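Numbering-wise (the numbering used here), the sequence shown opens with residue 36 and increments by one.
Every residue gets a Cβ at the ideal spot worked out from N, C-alpha and C, and that includes glycine.
Predicted model only: the values in this text are computed from it and were never measured.
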Amino acid sequence: MALEEKREKRPPVTPMMIEEEAALRNGSRGLTPGPWAEAAGPRPRTTERHIAVHKRLVLGFAVSILALLAVTMIAVLLSVRFEECGAAADGPPRASGNGSLSGAARQPPGAGQPPGQPEEEARGVEAAEEEEEEEEWQRRQELPPWARPRLPRHLRPLHYNLMLSAFMENFTFSGEVNVQLEVRNASRYIVLHAHRMHIEAVRVAEDKLAGGVRVARTFFYPQTQVFVVVLNRSLEVQRSYNLKIIYNALIENELLGFFRSSYVLHGERRFLAVTQFSPTHARKAFPCFDEPIYKATFKISIRHQATFLSLSNMPVETSVFEEDGWVTDHFSQTPLMSTYYLAWAVCNFTYRETVTKSGVVVRLYARPDAIRRGSGDYALNITRSLIEFYEDYFKVPYSLPKLDLLAVPKHPYAAMENWGLSVFVEQRILLDPSISSILYLLDVTMVIVHELCHQWFGDLVTPVWWEDVWLKEGFAHYFEFVGTDYLYPGWNMGAALIRMLANFMGHSVFQMGLQDYLTIHKYGNAARNDLWNTLSKALKRVGKSVNIQEVMDQWTLQMGYPVITILGNETTDNIIVISQERFVYDSDAKPKDPSRGDNSYLWQIPLTIAVGNTSHISSEAIIWVSNKSEHHRIPAFEEAGWLLGNINQTGYFRVNYDIRNWRLLINQLTRNHEVISVSNRAGLIDDAFNLARAGYLPQNIPLEIIRYLSEEKDFLPWHAASRALYPLDKLLDRTENYNIFNEYILRQVASMYLKLGWPMNNLNKSLVQASYQHEELRREVIMLACSFGNKHCHQQAATLISDWISSNRNRIPLNVRDIVYCTGVSLMDEDVWEFIWMKFHSTTAVSEKKILLEALTCSDDRNLLNRLLNLSLNSEVVLDQDAIDVIIHVARNPHGRDLAWKFFREKWKILNARYGEALFMNSKLVSGVTEFLNTEGELRELKNFIKSYEGGAAVSFSRAVETVEANVRWQRLYKEELFHWLRKSLTH
């Protein structure tokens, strides 16, 4: 039975990661039709390229045109050849200046000259790199404008007038888009994105003048998902033109673009249609300039049957009703915005409404039965409070007159921050207090906090290109914790990289800098240097001079994060040696760039440090560590004292010590753990387990640390232990000596389990924040006890399940229902599995449905697990996004890991066709199925599969190989060391 995974400390989202994902996006989703085209069935599309010749042309002109046709066809053929040669190109050349179109993906420069590298050699390498970049730039210029990975820059859209008709009876739609274009450079070509649609007509006209610009021909170029309009003459510079395109397409049964979903109400299946355009899927719904830099205003009209309603980013301005039962909703014009967070929906939902202090109308739309039950009330109320919080924090008002929250049954992500119309999958926004746990409430809260932050970071100020996507995602992640702490003070949430930046700047100065950044760049685009410059100026205003760009580029342009090692100096009193290196789980893994070994990774690290003894700890000091190794004097460092780094876990790095200091810290935790703060106790546990897993630390150190937990009354250290034990448990759960590890963990948990006991019954319907820490501590301990086989825990779970079955009344306490369901399915017979399966189908509460489905994956019966895996591919039984969770949870079960791995390989074509374009989902699936494979045989199977498989996800599979190689290495080097210590410990 699997421990529940709850990871909070993650590597920072770096541009290197975004480059890899952008390469994958361009390879499997951006530049090729991909498997979706095969899976979706026939669709209308333009298949012939033709040149319309006016019938009145004289023969001489006809001959000329035929000659031109021949030349053009040769050029097109050459462009295809160029595309094949240049397919690996990562993006257009760099451009200078704020708000410019920057390169899509290139190797980030080093943070400085690597130690020991001669200056002449460094200059030579730099010159060679520049020459290589120049050659690549030249190669790209040889490509025709439609074959380049980024749109040509000679046109800029100013405004879109988009009129849609949605036909829900046959899931098609028609559209007419009028784009006002500004000409920057003369050209005969209009190149814009369009994918998987049938173009019926194209017209180009110069504004304010009668007559049009004749269109010579049009064609699709599928490799870059663009539509090309070739004109008879060039568009003139500094003039504006109108491009009109009439088209039609399918409302897909997929997860991206303009797609359909359904739900059942009173036994009747009802359909809805909704958009998901991020990152590159607006082009499936209308021809557009589908890159973040091309901001424009939008005027949208949607025609639909009167039995439906339509939603978009802005409020409805007017509605025109027709006699045949159709209605057209005309929406107000948007501010300047990018295509990826444009949105609309056609549904027959109902809503509830509230209004903020500043007059913003907030509505939550959902299935009528969910609205009637009040399942959206919690989300609606905290959204109002959070808008008011963000307006006060940023000193920038929310920019639109309304914000709609739309809860849909099917969606590729937890949520999408469309400006004014945020879309959530139901289980991440609907909450029934009578059956939802505190953990579920916390999850819903953080998703909403995250998405609302994007209304400022992402929508109001948008990254120039996807390499700076962390400008929105990093801040949204940071504010998950800031916003949650605002709603529920004392929940002790903490974050990562941005928190470190805010901490060393000072929170008030940091806040002032963010206010300036949003004010300067609102309704526009920004790159990371725009943020760094603004924050540096904020520091200067308070008399501090720190080059934020120099510090933060090292954190955002380099892969991974560092580990700091602090060593005492045995020969000199009060002197310590501080060194840094990149933290990796597998030191044998080769760096992706062979020219850049791990020795060249350096960060400027704000290391906070304190010294302590058995009764107290000193105030913290800050040391900026910027070299590979440094010596520092610590005046108050006593011989019997210990050192503690990264005070209150404000820095985004791990800290290691010499064994003597680890021993002193372990002794301190055992004698009086409260001398060390709660967050640092959690940090010590988290660092120790991860350092040991990576081979930086003996395997026994983390296991010795957790011996003190029998006296620990705070939630965070227990949570850190549970989270850190999870991957270790997965490395060991199929070994013959697993029971030794199992027994050791049970001994550490037993006394606290007895002290806390089980919750008496369901929590009060009003989830009292004061009880959060205590109830979550109890839950964490019960989960560990049941997972590792505490007999009383197993008996209690079985009793609660049996009572539910016999009485048909679910009296299982809300906060431990998932633990009880999983334990019951694992221990009890097939009848219990069938009972949970029946309840999964009958419940309409999304939170309950989720944990019931996950419980089914806990079975020890391999036949039932195989049955569930096969059922997961039936969309009528298991929603598309939930099928991934089924496969991953079976892979986490030691009885099902090999089954899930086999199923994944056998069904790869189906899975890749379903999820291939949804990068996050495909990546999650590959990672989830492979992350706990740990034998030489499984590693060979993975490598052999990668050689033979078809489809995208190259980056995900590359990471999977690294993970499995690290797992195999740990088994080979450290497994016996761990078991040897455990045997010795258990006999004493």
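query: From the DSSP output, which residues share a beta bridge with asparagine 702?
result: DSSP, once it has assigned bridges, lists no residue as partnering asparagine 702.
query: So, is alanine 105 buried or exposed, given that buried needs 16 or more other C-beta atoms within 10 angstroms?
result: Confidence at alanine 105 is low in this model, with a pLDDT of 40, below 50, so its placement is unreliable and no value can be given for it.
task: Less than 8 Å between the CB atoms is what I'm expecting for cysteine 893 and serine 861, so what's the real figure, rounded?
output: 5 Å
task: Classify serine 983 as helix, strand or coil using the three-state DSSP reduction.
output: helix
- prompt: DSSP three-state call for lysine 942: helix, strand or coil?
  reply: coil
task: Would you please state the rounded distance, in angstroms, between the beta carbons of leucine 487 and isoleucine 422? I believe it to be under 8 Å.
output: 7 Å
- prompt: Between the C-alpha atoms of tyrosine 552 and phenylalanine 492, what's the straight-line distance to the nearest angstrom?
  reply: 10 Å
message: For glutamine 273, which residues in the same chain have their Cβ closer than 7 Å to its Cβ, ignoring the five residues on either side in sequence?
response: Val218
query: Does DSSP classify lysine 334 as helix, strand or coil?
result: strand
Contact belief for valine 431 with lysine 557 at Cβ below 8 Å, rounded distance in angstroms: Sure, about 7 Å apart at Cβ, within 8 Å.
query: With burial defined as no fewer than 16 other Cβ atoms inside 10 Å of the residue's Cβ, what is the status of leucine 1017: buried or exposed?
result: Counting of Cβ neighbours within 10 angstroms places leucine 1017 among the buried residues, the total reaching 16 or more.
query: For proline 184, is the classification buried or exposed, using 16 other Cβ atoms within 10 angstroms of its Cβ as the cut-off for buried?
result: So proline 184 ends up on the buried side.
task: Run through the segment 717-797 for me and flag every whole alpha helix (DSSP H) of 4 or more residues, listed as ranges in chain order.
output: 735-740, 750-767, 773-791
query: In or out: valine 248 buried (at least 16 other Cβ within 10 Å) or exposed?
result: buried
- request: State the Cα-Cα distance for the pair alanine 284 and asparagine 383, rounded to the nearest angstrom.
  value: If I take the Cα positions, the gap works out to 22 Å.
- prompt: Could you give the C-beta distance for threonine 353 and histidine 339, rounded to a whole number, given that I count them as a contact under 8 Å?
  reply: Contact flag wrong, Cβ pair sits at about 15 Å.
- prompt: Do you know offhand how far leucine 726's Cα is from glutamine 783's?
  reply: 21 Å
- prompt: According to DSSP, is phenylalanine 424 helix, strand or coil?
  reply: Helix, per DSSP.
field: For serine 543, three-class secondary structure by DSSP
entry: helix
message: Under 8 Å: do the segment 745-761 and the segment 983-991 share three or more Cβ pairs, one atom per stretch?
response: no
message: With the cut-off set at 8 Å, would you say phenylalanine 823 and isoleucine 854 are in Cβ contact?
response: In this structure, the beta-carbon distance from phenylalanine 823 to isoleucine 854 does not fall below 8 Å.
message: Please state whether the Cβ-Cβ distance between isoleucine 470 and glutamate 883 is less than 8 Å.
response: yes
field: Inter-residue spacing [alpha-carbon to alpha-carbon] between valine 160 and alanine 785
entry: Because valine 160 carries a pLDDT of 41, less than 50, the predicted location of this residue cannot be relied on, and the following value inherits that uncertainty. Taking the straight line joining both Cα atoms gives about 59 Å.
Simplified DSSP state of threonine 342, which is helix, strand or coil: coil
message: Between which residues of its own chain and glutamine 462 is the CB-CB distance below 6 Å, once the five residues before and five after are set aside?
response: Val881, Lys885
query: From the DSSP output, which residues share a beta bridge with asparagine 283?
result: Ser209, His233
query: Under three-state DSSP, which class holds tryptophan 361?
result: strand
- prompt: Between glycine 292 and the rest of its own chain, which residues show a CB-CB distance below 6 Å, the 5 nearest in sequence each way excluded?
  reply: His316, Lys319, Ala320
- request: Leaving out five residues on either side along the sequence, give the residues of the same chain with a beta carbon under 8 Å from the beta carbon of asparagine 691.
  value: Val598, Ile599, Thr600, Ile601, Asp722, Leu726, Tyr731, Leu732
field: tryptophan 753, buried or exposed, once every other Cβ within 10 Å from all chains shown has been counted against 16
entry: buried
Whole-angstrom C-beta distance between serine 336 and tryptophan 379, which should lie under 8 Å: Contact doesn't hold; Cβ gap of about 10 Å is too wide.
- prompt: For valine 390, is the classification buried or exposed, using 16 other Cβ atoms within 10 angstroms of its Cβ as the cut-off for buried?
  reply: exposed
query: Quick one, are the C-beta atoms of glutamine 589 and serine 571 less than 8 Å apart?
result: no
- request: Per DSSP, which residues does aspartate 439 bridge with? Please list them.
  value: Arg398, Leu456
field: Proximity below 8 Å, CB of leucine 678 to CB of isoleucine 652
entry: no
- request: For the beta strand (DSSP E) holding serine 200, just list the boundary residues, first then last.
  value: Counting along the chain, serine 200 sits inside the beta strand (DSSP E) bounded by residues 190-202.
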